[in-house]
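To start, the structure itself, in structure tokens.
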Amino acid sequence: MVKIAWHHLFAHPLPEGHRFPMIKYELIPEQLLYEGVISASHLFAPERVSEAVILLSHEQGYWEQLRDLTLPAREQRRIGFPLTAQLLEREMRIAQGTIDGALYAKANGIAFNVAGGTHHAGSNWGEGFCLLNDQAIAANYLLNAGLASRILIIDLDVHQGNGTAEIFYNEARLFTFSMHGDKNFPFRKERSDLDIPLDDGITDEAFLAKLEETLPLLLAHQPDFVFYLSGVDVLESDKLGKLALSKEGCKERDRKVLQFCKDHNLPVQVSMGGGYSPNIKDIVDAHCNTFKIGLDIFE
Ligand SMILES: [Zn+2]
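Position 56 (the sequence shown) corresponds to 55 in numbering that gives the first Met the number 0; numbering is contiguous.
Here is the structure:
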């Protein structure tokens, strides 16, 4: 059965006045359950990732500042969340959820994390709501354990996967592909193995055409595992992203990626990434579509 990582801490409330939409992490599983798309048995609550596994992807000094809650105020501002023990625990459970998901995906074809996609966290920094890079951590876990030998990360969040690119800059076994808004955060981009920067306002047709022509090229890496970051901040309604995809276009994007994985027998772990449309329903609908498409194709 397809497994989905979820823990109540994923929707951990932020301090008063914080506008990051944590509520989506509560609403996504609620809606999927309500619509009968999933049952409670699809959900699993991950433990915390271990320090040893974190250190495969993040530098010790940075990790200790997180662990001891001594990250300098300037660095916390870069993250956008005040660092607390609960937020760190949340992030550690998300990372373990992505590792467990990767293992489930190897058995079942696909697995999801209701949260994750924390691709701005680099080896020694956090930023843009990301402390620990869940898919990087899970990818290094698989490589280190000999459970995958060549991994592909498909990052279609509107923001470049700069942390992921940096962590794997010198890792030939891992191919990072990021298609993102050129004019969007982060303003200083890192170099992925393949970056496709997009102009502001790109709509469904052009976006999907670019994706369609790119996916087959990624097979040249000869991956045996895929991580997909399915951020829905590509929607026209998104207040941070500058692209202009419709909800249908976003759903078609997911279909193309997940069908590509299925067609080539590539197990895939999916993390949700960003989504900042002013109407929470748009965010939740678009994320739920990713689950529906994935279940459709793989179950
Ligand atoms: Zn994003």
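C-beta atoms are modelled at their ideal positions from N, C-alpha and C, and glycine is treated no differently. Note that the structure is predicted; figures quoted are calculated from it, not measured.
Contact between the segment 133-150 and the segment 77-87 is absent: fewer than 3 CB-CB pairs across the two stretches fall below 8 Å. Residue 114 sits close to residue 271, with the two beta carbons spaced by under 9 Å. Approximately 18 Å separates the beta-carbon atoms of residue 94 and residue 27; this is outside 8 Å, ruling out the contact. When 98, 117, 156 and 214 are compared, the shortest CA-CA separation from residue 242 is found for 156. The shortest C-alpha to C-alpha distance from residue 67 to any of 76, 48, 87 and 58 is the one to 87. Taking the CA atoms as reference points, residue 3 sits about 31 Å from residue 76. Close CB contacts of residue 181 within its chain, under the 7 Å cut and outside five residues either way in sequence, are with 196, 197 and 198 (chain order). Straight through space, the alpha carbons of residue 19 and residue 13 are spaced by roughly 8 Å. For residue 98, the three-state secondary structure derived from DSSP is helix. If you check the CB distance, residue 189 and residue 170 do not come in under 9 Å. Just measuring C-alpha positions, the residue of 122, 23 and 98 sitting nearest residue 141 is 98. Sequence-distant partners of residue 279 (beyond 5 residues in either direction) whose C-beta falls short of 8 Å from its own C-beta, in its chain, are 20, 22, 23 and 26.
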